[in-house]
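Colleague: FYI, the numbering used here numbers position 165 of the sequence shown as 213, with every residue one higher than the one before it.
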Amino acid sequence: MQDVFSGSFTQQEPIPDEAIAAAVAVMRHGRLHRYNTVAGETAEAALLEEEFAATVGAKYCLAVASGGYALGCALRAVGVKAGDRVLTNAFTLAPVPGAIASLGAVPVFVEVTEALTIDLEDLAAKVTTGGPRVLLLSHMRGHLCDMDRLMEICNGAGVVVVEDCAHTMGAAWRGVPSGRHGAVGCYSTQTYKHMNSGEGGLLVSDDAEVMARAVILSGSYMLYGRHKAAPPPEMFERVKYETPNISGRMDNLRAAILRPQLRRLAHQCAAWNARYACVEDGLRATPGLNVIARPEAETYVGSSIQFLLPDWAAADVQAVIARCLARGVELKWFGAEEPVAFTSRYDSWRYVEAPRLPRTDRVLAALLDMRLPLTFSLADCALIARIIRAEVSAVWQARVA
Ligand SMILES: *Cc1c(COP(=O)(O)O)cnc(C)c1O
Numbered sequence: 049m050q051d052v053f054s055g056s057f058t059q060q061e062p063i064p065d066e067a068i069a070a071a072v073a074v075m076r077h078g079r080l081h082r083y084n085t086v087a088g089e090t091a092e093a094a095l096l097e098e099e100f101a102a103t104v105g106a107k108y109c110l111a112v113a114s115g116g117y118a119l120g121c122a123l124r125a126v127g128v129k130a131g132d133r134v135l136t137n138a139f140t141l142a143p144v145p146g147a148i149a150s151l152g153a154v155p156v157f158v159e160v161t162e163a164l165t166i167d168l169e170d171l172a173a174k175v176t177t178g179g180p181r182v183l184l185l186s187h188m189r190g191h192l193c194d195m196d197r198l199m200e201i202c203n204g205a206g207v208v209v210v211e212d213c214a215h216t217m218g219a220a221w222r223g224v225p226s227g228r229h230g231a232v233g234c235y236s237t238q239t240y241k242h243m244n245s246g247e248g249g250l251l252v253s254d255d256a257e258v259m260a261r262a263v264i265l266s267g268s269y270m271l272y273g274r275h276k277a278a279p280p281p282e283m284f285e286r287v288k289y290e291t292p293n294i295s296g297r298m299d300n301l302r303a304a305i306l307r308p309q310l311r312r313l314a315h316q317c318a319a320w321n322a323r324y325a326c327v328e329d330g331l332r333a334t335p336g337l338n339v340i341a342r343p344e345a346e347t348y349v350g351s352s353i354q355f356l357l358p359d360w361a362a363a364d365v366q367a368v369i370a371r372c373l374a375r376g377v378e379l380k381w382f383g384a385e386e387p388v389a390f391t392s393r394y395d396s397w398r399y400v401e402a403p404r405l406p407r408t409d410r411v412l413a414a415l416l417d418m419r420l421p422l423t424f425s426l427a428d429c430a431l432i433a434r435i436i437r438a439e440v441s442a443v444w445q446a447r448v449a
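#1: Do Leu183 and Val327 have their CB atoms nearer than 8 angstroms?
#2: Using three-state DSSP, classify Met75 as helix, strand or coil.
#3: Are there any heavy atoms of ligand 1 lying less than 7 angstroms away from the beta-carbon of Gln60, as far as the coordinates show?
#4: If we call anything under 8 angstroms between Cβ atoms a contact, is Ala71 one with Leu431?
#5: Since Gln366 contacts Asp417 with CB under 8 angstroms, what's their CB separation in whole angstroms?
#6: For Gly350, which residues in the same chain have their Cβ closer than 6 angstroms to its Cβ, ignoring the five residues on either side in sequence?
#7: Whole beta strand (DSSP E) runs in the region 141-215 with 3 or more residues, listed along the chain?
#8: Are Arg407 and Glu159 close, meaning C-beta to C-beta below 8 angstroms?
#9: Look at the alpha carbon of Val207 and the alpha carbon of Val175, and state the distance between them as a whole number of angstroms.
#10: Pairs of beta-carbons, one from the region 113-131 and one from the region 84-94, closer than 8 angstroms: are there three or more?
#11: Just tell me which of Gly218, Ser56, Cys109, Ala362 has its CA closest to the CA of Ala256.
#12: Have a look at Ala163, Thr391, Gln445, Arg375 and flag the residue whose alpha-carbon is nearest the alpha-carbon of Ala433.
#13: Cutting at 8 angstroms between CB atoms, please list the residues of its own chain near Ala314, excluding the five before and the five after it.
#14: DSSP three-state call for Val112: helix, strand or coil?
#15: If Pro155 sits next to Ala149, beta carbons under 8 angstroms apart, how far is it from one beta carbon to the other, in whole angstroms?
#16: Out of Ala260, Glu92, Ala277, state which residue places its alpha-carbon closest to the alpha-carbon of Glu98.
#17: Determine the direct distance from the alpha carbon of Ala73 to that of Tyr394, and round the result to whole angstroms.
Structure (structure tokens):
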């Protein structure tokens with residue numbers, strides 16, 4: 049009898065009771081719009097911004113409608129215009145090139161390494177004079193590149209960095225929270241990320257002018273005075289006539305759900321990492337399979353795990369996926385020709401004219417990916433690793449035989 053896993057890879061934990069109570073309180077008073085407050089009241093959205101800014105050590109924070117909205121808003125706030133070229137990772141999720149395209153700007157993809165991070169050599173080659181002035185850096189699946197070196201390259205070339213931290217809320221590089229190296233850090237609070245409000249996004253920055261623009265862009269009308277983690281009124285005076293309103297605010301209901309989750313974030317991150325370590329240990333030293341090396345300077349949040357089957361034939365990778373699926377383990381593959389659910393690759397975004405990226409193609413063809421929701425126990429994780437190990441070994445042995 050073979051073990052079969054029966055858990056769901058898409059089932060997150062329920063919303064904590066404290067967050068449910070806070071949401072009910074907002075619904076009872078009915079002031080869901082963030083600027084609908086009574087005298088002396090600070091809106092849940094403004095409180096969330098203050099608390100999130102304090103958590104990551106940022107001066108300013110803005111809560112918005114989604115992670116993708118945060119990215120587009122950040123790009124507008126740093127001055128990207130239609131027709132501008134914007135550097136970004138070739139290995140990322142569709143809302144990242146989508147945010148660039150939403151401005152009429154043009155994504156320029158940078159290669160990815162076997163560590164699943166942006167290829168710094170390729171980046172250095174692409175930031176030369178006359179090249180793009182902005183990098184939208186996606187910490188895809190929670191992998192952080194050498195952020196010190198990246199900032200050196202970008203600062204040296206006058207390239208502004210906007211960080212996509214959808215998978216790195218709670219992570220850090222050399223102790224500096226993810227999202228605090230670039231000019232703006234963007235986070236998602238969509239259901240599959242590290243805090244869950246269904247949809248939602250957060251943006252942090254220390255740059256007063258950039259944040260004043262972001263607040264006005266998000267649809268503050270002239271009520272920016274109700275923000276707490278925001279620049280002083282003088283800064284808004286400077287930008288308020290020239291900045292369009294592109295509504296994408298967060299409401300008080302979502303903010304109320306998020307504030308108690310923020311207090312538990314460190315605890316949740318530790319729980320993810322215990323699960324990640326368990327699967328990683330179970331996969332180590334499987335012939336033909338490479339786990340992803342994690343640098344010592346990186347504090348990561350293992351809410352998903354990736355591994356490589358380097359230079360395997362596509363049919364063999366597909367055999368592994370099918371055999372794992374038959375035992376209840378859902379692996380996503382970045383080598384598939386057609387985009388499937390959340391998984392797509394740079395050549396599927398055909399609105400971008402992108403040259404082939406040979407290093408990225410090789411990595412994506414080998415790359416398997418799996419979510420680790422906190423509804424999985426450590427025993428579940430050990431079982432999942434045993435199943436993957438057995439099925440990879442079976443296909444590997446048939447292949448070399
Ligand atoms: C989820 C995600 C986003 C933002 O997505 P939304 O669904 O708009 O919140 C951005 N980048 C990456 C890498 C993501 O996974």
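Each residue gets a CB set at the ideal place from its N, CA and C atoms; glycine is no exception.
Modeller: Inspection of the coordinates gives the following:
#1: In this structure, the beta-carbon distance from Leu183 to Val327 does not fall below 8 angstroms.
#2: Looking at Met75 - three-state DSSP - the assignment turns out to be helix.
#3: For Gln60, the distance from the CB to the nearest heavy atom of ligand 1 is not below 7 angstroms.
#4: No. Outside cutoff.
#5: At roughly 15 angstroms, the Cβ-Cβ gap does not stay under 8 angstroms, so Gln366 and Asp417 are not in contact.
#6: Excluding sequence neighbours, Gly350 sits near Trp320, Asn321, Tyr324.
#7: Fully enclosed beta strand (DSSP E) runs of 3 or longer: 154-158, 182-186, 208-212.
#8: Yes, Cβ-Cβ distance for Arg407 and Glu159 is below 8 angstroms.
#9: Their Cα atoms are separated by approximately 7 angstroms.
#10: By the Cβ rule, the region 113-131 does not count as touching the region 84-94, because fewer than three pairs are nearer than 8 angstroms.
#11: Measuring from the Cα of Ala256, the nearest candidate turns out to be Cys109.
#12: Comparing Cα-Cα distances from Ala433 to each of Ala163, Thr391, Gln445, Arg375, the minimum goes to Arg375.
#13: Excluding sequence neighbours, Ala314 sits near Gly218.
#14: Val112 falls in the strand class under three-state DSSP.
#15: Rounded to whole angstroms, the Cβ separation of Pro155 and Ala149 is 7 angstroms, and the two are in contact under 8 angstroms.
#16: Among Ala260, Glu92, Ala277, the Cα nearest to that of Glu98 is on Ala277.
#17: Roughly 44 angstroms separates the two Cα atoms.
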